[in-house]
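Q: Residue numbers (the numbering used here): 733 to 1066.
Dropping the structure here:
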């Protein structure tokens, strides 16, 4: 019978360092990227540019906050950006028609809620494939968004209270960034400290076992898709105020960024498990890359290459960490 010898102990410090790197690598990449861009273009860290980065990241982060919960449960929602586009066009059409921002906002959120509940019912109750379901509902939402404006943007005269909200800053920090950060803190608390969060990750590991344990997975999945649609719809409404118009094709620009932020963020903190802290860091990194790349004159396709490289790098790191973890476990078992 073999025992664990002290000669094997030196492997542990490296393992601890690798584990720490695996948890926080994305934050280090974010800081390194900002520092590099600032060294090459000092305007990168001007207060006005930082405010622009945070405002952009806040809108994207709000749009995909609910998507993070869906992904943490082992599901997928590729309709989020089209739900945002539909809410965007509904709000713009009602404001342009003279209905006012309160009615426009409530109506846009209600439309998003209907789509979210439909996704939740089809995935959670009927047990249909989430990718197929959300492709279908996303396509319907995108078509409806285009139909509202007959394929064209809808201009609005007044950006209303949301325009004022987006314009308020505290130094280099926009008020919208503070609000979205508070939402992320609340989501983090629910994810890490409530039974709700534990159930979400348990569904991803073994949904059948969670059902047998008596957890109401149908309602939980429906709630996740509802929240995903509501956060996307809220972002869509804010985009109307930000752009002074409803844009039926607005969702296309958020598709890759949204999925990349959630999937790459899942390679931080909880390795291989989407989480809100990882999503926040990844969203900030993507916003910094867009801003820094623009200052350096990068073409759009080059920024997309960098984003793809980031996604591949995150997946590669996760695989490497998982192999090291399995190897350490086998050594300890001996």
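Ideal Cβ placement from N, Cα and C applies to all residues, glycine included.
1) With DSSP as the reference, label residue 887 as helix, strand or coil.
2) Do you know offhand how far residue 899's Cα is from residue 905's?
3) Please state if the CB of residue 965 and the CB of residue 844 are separated by a distance shorter than 8 Å.
4) Which residues in the same chain as residue 769 place their Cβ atom closer than 8 Å to its Cβ, once the five residues preceding and following it in sequence are excluded?
5) Is it a yes or a no for the stretch 875-891 touching the stretch 818-831, going by three-plus beta-carbon pairs under 8 Å?
6) May I ask you to report which of helix, strand or coil DSSP gives residue 1029?
7) What three-state label does DSSP hand residue 1069 in the structure shown?
8) Distance check for residue 895 and residue 922, CA to CA, integer angstroms please.
9) Would you report the Cα separation of residue 872 and residue 817, rounded to the nearest angstrom?
10) Is residue 855 closer than 8 Å to residue 957 when the C-beta atoms are compared?
11) Terminal residues of the continuous alpha helix (DSSP H) containing residue 853?
12) Distance, Cα to Cα, residue 1015 vs residue 952?
13) Distance check for residue 760 and residue 752, CA to CA, integer angstroms please.
14) Let me make sure I understand the geometry here. Which of 812, 826 and 1009 has the alpha-carbon closest to that of residue 851?
15) Across which residues does DSSP place residue 906 in a beta bridge pair?
16) List the residues that DSSP assigns as beta-bridge partners of residue 977.
17) Going by C-alpha to C-alpha distance, which of 773, 778 and 799 sits closest to residue 995?
18) Under 8 Å by Cβ, that's how I've got residue 773 and residue 1000 pegged, so tell me the actual separation to the nearest angstrom.
19) Quick check: the Cα distance between residue 764 and residue 757, rounded to an integer number of angstroms?
20) I need the DSSP call for residue 845, collapsed to helix, strand or coil.
21) Leaving out five residues before and five after residue 878 in sequence, what residues of the same chain have Cβ atoms less than 6 Å from its Cβ?
22) So which of 847, 826, 802 and 870 has the shortest CA-CA distance to residue 1067?
23) Leaving aside the five residues before and after residue 929 along the sequence, list all residues of the same chain whose C-beta is less than 6 Å from its C-beta, in chain order.
24) Output the boundary residues of the alpha helix (DSSP H) element that contains residue 781.
25) Please report the distance separating the alpha-carbon of residue 955 from that of residue 771.
26) Is residue 926 near the ligand ADP, going by C-beta to nearest heavy atom under 7 Å?
27) How is residue 809 classed by DSSP in three states: helix, strand or coil?
28) Can you give the Cα-Cα distance for residue 785 and residue 1017, rounded to whole angstroms?
29) Who are the Cβ neighbours of residue 947 in its own chain at under 6 Å, not counting the five residues just before and after it?
30) Just to confirm my understanding: we take residue 1011, look at its own chain, exclude 5 residues before and 5 after, and list those with CB closer than 6 Å. What are they?
31) Taking its Cβ as the centre, do 16 or more other Cβ atoms sit within 10 Å of residue 831, making it buried, or is it exposed?
A: In this structure, then:
1) For residue 887, the secondary structure class from DSSP, reduced to helix, strand or coil, is strand.
2) Within the model, the alpha-carbon separation for residue 899 versus residue 905 is close to 11 Å.
3) Yes, Cβ-Cβ distance for residue 844 and residue 965 is below 8 Å.
4) Closer than 8 Å at the Cβ level, and outside the excluded window around residue 769, lie 776, 1020, 1023, 1024, 1027 and 1028.
5) The stretch 875-891 is in contact with the stretch 818-831.
6) Coil at residue 1029, not helix or strand.
7) Residue 1069 falls outside the range modelled here, since the chain spans only 733 to 1066, and no answer is possible.
8) Their Cα atoms are separated by approximately 30 Å.
9) Going from the Cα of residue 872 to the Cα of residue 817 covers about 11 Å.
10) Result yes, Cβ atoms of residue 957 and residue 855 sit closer than 8 Å.
11) Neither: residue 853 is in no alpha helix (DSSP H) and is coded neither H nor E.
12) If you draw a straight line from the Cα of residue 1015 to the Cα of residue 952, it comes to about 26 Å.
13) Linking residue 752 to residue 760 through their CA atoms gives a straight-line distance of about 11 Å.
14) The shortest Cα separation from residue 851 among 812, 826 and 1009 belongs to 812.
15) Answer is 901.
16) DSSP, once it has assigned bridges, lists 887 as partnering residue 977.
17) The alpha carbon of residue 995 has as its nearest neighbour, out of 773, 778 and 799, the alpha carbon of 799.
18) The C-beta distance from residue 773 to residue 1000 rounds to 27 Å, too long to meet the 8 Å contact threshold.
19) Computed Cα separation, rounded: 10 Å.
20) Residue 845: helix per DSSP, three-state reduction.
21) Contacts found: 980.
22) As shown, the chain starts at 733 and ends at 1066. That puts residue 1067 outside it, with no answer to give.
23) So the list reads 922 and 923, once near-sequence residues are dropped.
24) Where residue 781 is concerned, the enclosing alpha helix (DSSP H) stretches over 779-804.
25) Cα-Cα distance, rounded: 45 Å.
26) In terms of ligand content, the structure shown is empty, and the ligand ADP therefore cannot be addressed.
27) In this structure, DSSP gives residue 809 a state outside helix and strand, which the three-state scheme calls coil.
28) Taking the Cα positions, residue 785 is about 10 Å away from residue 1017.
29) For residue 947, where only same-chain residues beyond five positions count, the Cβ hits under 6 Å are 931.
30) Within the same chain, 800, 993, 994 and 997 come within 6 Å of residue 1011 by CB-CB distance, once the 5 residues on both sides are set aside.
31) Classification of residue 831: exposed, given that the 10 Å Cβ count is below 16.
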